[in-house]
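Visitor: So the sequence shown is numbered by my numbering: it starts at 442 and just counts up by one.
Heads up, the beta-carbon is just placed ideally off N, CA and C, and yes, glycines get one too.
This is the structure, below, for whatever I ask next.
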Amino acid sequence: MERYGVLVLLFFSNIFMTYAWYGHLKDFRKSPLVAVILLSWGVAFFEYCLQVPANRFGHSYYTVAQLKVMQEVITMVVFGLFSVFYSVSRAASGFRQFGRRFARAARSEEPE
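Here is the structure:
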């Protein structure tokens with residue numbers, strides 16, 4: 442798997458996890474808590490099916506620290522998109538600052 446495939450897997454794993462954490466707040470507000478917990482665990486299973494291989498394959502190209510930073514940056518991107526488009530929140534001015542930090546993280550050096 443190429444190094445960019447790792448980013449794709451991490452991106453899609455984050456979509457599943459963000460929905461597992463926050464999707465129930467909109468879609469299952471009136472559902473029993475136990476049902477929502479089980480549903481979230483079910484969604485999180487698919488996140489792990491993408492995230493674990495991403496880290497395994499990614500470790501061939503990146504350090505653990507770089508994988509973690511990429512995961513966190515992707516998490517912020519996915520959550521920002523989720524909060525704007527899914528939960529219909531307004532984008533905060535903090536997204537500009539986040540954009541600058543994302544650009545800096547994307548330019549981080551590769552391991553030798």
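Val514 and Ala546 - do their beta-carbons sit closer together than 8 Å?
Guide: Cβ distance < 8 Å, so Ala546 and Val514 count as in contact.
Visitor: Return the first residue and the last residue of the alpha helix (DSSP H) that Arg444 is part of.
Guide: 444 to 463
Visitor: Tell me the rounded alpha-carbon separation between Ala506 and Gln492.
Guide: 15 Å
Visitor: Alpha carbon to alpha carbon, how far is Ala544 from Leu466?
Guide: 31 Å
Visitor: Roughly how many angstroms lie between the CA atoms of Asp468 and Phe453, to the nearest whole one?
Guide: 20 Å
Visitor: Could you check which residue in Tyr527, Ser524, Val510, Ala476 has the C-alpha nearest to that of Arg542?
Guide: Val510
Visitor: Give me, in chain order, the residues of the same chain whose beta-carbon lies closer than 7 Å to that of Asn496; leave out the 5 immediate sequence neighbours on both sides.
Guide: Leu508
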